[in-house]
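First residue of the sequence shown: 1, per UniProt numbering; consecutive thereafter.
Using N, Cα and C, we set each Cβ at its ideal position, and we do this for glycine too.
Let me begin by presenting the structure, written as structure tokens, before commenting on it.
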Amino acid sequence: MIEHAEVFEVVVAKMMCRQVSYAVKTDNDDDCDKPGTSRRFEKEQEEKKYKYSNGLDAPEEIDFTAIDEDSLRDRLEQITNYLRTGHFYCVWCGSLFDSPEDLEENCPGDTRHAHHGLD
Numbered sequence: 001m002i003e004h005a006e007v008f009e010v011v012v013a014k015m016m017c018r019q020v021s022y023a024v025k026t027d028n029d030d031d032c033d034k035p036g037t038s039r040r041f042e043k044e045q046e047e048k049k050y051k052y053s054n055g056l057d058a059p060e061e062i063d064f065t066a067i068d069e070d071s072l073r074d075r076l077e078q079i080t081n082y083l084r085t086g087h088f089y090c091v092w093c094g095s096l097f098d099s100p101e102d103l104e105e106n107c108p109g110d111t112r113h114a115h116h117g118l119d
């Protein structure tokens, strides 16, 4: 069973990915949203449009409880790795580091367990 903490971790990681990508523009900023699936998925996503009350496009709300546990963990790992390697940001520390060396020296690891001793 997927724990709420795991769902929350994916949501937070994705949010941090977008915030870091906004602050530090790169050619790979779309990596936060790549589902890594088929063209059919992409077409379905294009057909679904959500709007805010002011008329601006809004992102679709993802139902993370409908995603199987392995996929959820894989997605969390992908986002975490992208932030660490692309932007030197650790989701678990909540810190943006100056370089890969700074990240290695001052961050205990790339998992929740390394930071908090939780499984």
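**Same chain only: Cβ atoms within 7 Å of residue 80, ignoring 5 sequence neighbours per side** = Translated into the one-based positions of the sequence shown, residue 80 becomes position 80. Hits under 7 Å: 13, 91, 110.
How about residue 96 and residue 84: are their beta carbons less than 8 Å apart?
Counting from one through the sequence shown, the residue named residue 96 turns up at place 96. Counting from one through the sequence shown, the residue named residue 84 turns up at place 84. Not closer than 8 Å, so no.
| query | Taking C-alpha atoms, which residue in 105, 100, 76 lies nearest to residue 112? | reply | In the sequence shown, residue 112 corresponds to position 112, counting from 1. For residue 112, the nearest C-alpha among the options comes from 76.
Checklist entry - What residue range is occupied by the uninterrupted alpha helix (DSSP H) comprising residue 77? => result Working through the sequence shown from its first residue, we reach residue 77 at position 77. Segment 69-87, the alpha helix (DSSP H) holding residue 77.
Tell me the rounded alpha-carbon separation between residue 11 and residue 88.
Your numbering for residue 11 matches position 11 in the sequence shown. Your numbering for residue 88 matches position 88 in the sequence shown. Going by the C-alpha atoms only, they are around 19 Å apart.
Does the Cβ of residue 61 have 16 or more other Cβ atoms within 10 Å, making it buried, or fewer, making it exposed? On the sequence shown, position 61 is the one that residue 61 refers to. Exposed.
| query | To the nearest angstrom, how far is it from the Cα of residue 71 to the Cα of residue 65? | reply | Here residue 71 refers to the residue found at position 71 of the sequence shown. Here residue 65 refers to the residue found at position 65 of the sequence shown. So the alpha carbons of these two residues sit roughly 11 Å apart.
Of the residues 56, 57, 99, the one placed nearest residue 86, counting alpha carbons only: Within the sequence shown, numbered from 1, the residue matching residue 86 stands at position 86. Put simply, of 56, 57, 99 the residue whose alpha carbon is nearest the alpha carbon of residue 86 is 99.
Worksheet entry | Integer-rounded CB distance, given that residue 50 should sit under 8 Å from residue 59 | As a working note, residue 59 is residue 59 in the sequence shown. As a working note, residue 50 is residue 50 in the sequence shown. Going by Cβ atoms, the distance from residue 59 to residue 50 rounds to 7 Å, so yes, they are a contact pair.
(Q) Quick check on residue 9: buried or exposed, where buried means 16 or more other Cβ atoms within 10 Å of its Cβ? (A) As a first step, residue 9 is located in the sequence shown; it is residue number 9 there, counting from the start. It is buried - the Cβ of residue 9 has at least 16 other Cβ atoms within 10 Å.
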